[in-house]
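Below is one structure, written out as structure tokens; comments come after it.
This is how it looks when you write it as structure tokens:
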């Protein structure tokens with residue numbers, strides 16, 4: 099009978115230990131689930147941060163491209179403006195040249211007329 103009492107006591111101890119381990123396992127499972135949830139939230143935040151970072155990079159690339167286009171267009175506009183100014187100057191010079199030629203022709207005509215009048219009066 100003492101042998102049976104020892105076995106019963108051992109069974110109680112083993113049962114108590116099994117219950118304690120089940121409770122501990124439940125706590126561990128709860129902690130694992132909690133940590134998994136935290137990992138998922140952190141992963142979501144990381145993905146969102148990565149998406150924001152990539153969008154920022156895309157915006158920077160786009161702005162850089164736009165800036166280069168603006169620089170090119172500005173340079174082209176300056177060159178075109180300079181060309182137009184040169185063309186205007188050339189036109190003014192042509193007008194001045196034509197006026198000079200016209201004035202010289204008038205002067206030549208006037209000189210010839212004066213010379214004829216002098217020869218007639220002499």
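Numbering (my numbering), first residue to last: 99 to 220.
Ideal placement from N, C-alpha and C gives every residue a C-beta, glycine not left out.
Whole-angstrom distance between residue 191 and residue 199, CA atom to CA atom: Taking the chain shown and counting its residues from 1, one reaches residue 199 at position 101. Taking the chain shown and counting its residues from 1, one reaches residue 191 at position 93. For residue 199 and residue 191, the distance between alpha carbons rounds to 12 Å.
Collapsed DSSP secondary structure at residue 99 in the structure displayed: Position 1 of the chain shown, counting from 1, holds the residue named residue 99. Residue state, collapsed to three classes: coil.
Rounded straight-line distance, which links the Cα of residue 208 to that of residue 217: Start at 1 with the first residue of the chain shown, and residue 217 comes out as number 119. Start at 1 with the first residue of the chain shown, and residue 208 comes out as number 110. Cα to Cα, residue 217 sits roughly 14 Å from residue 208.
Alpha helix (DSSP H) runs contained entirely in the region 139-163, provided each spans 4 or more residues: Qualifying alpha helix (DSSP H) stretches: none in this window.
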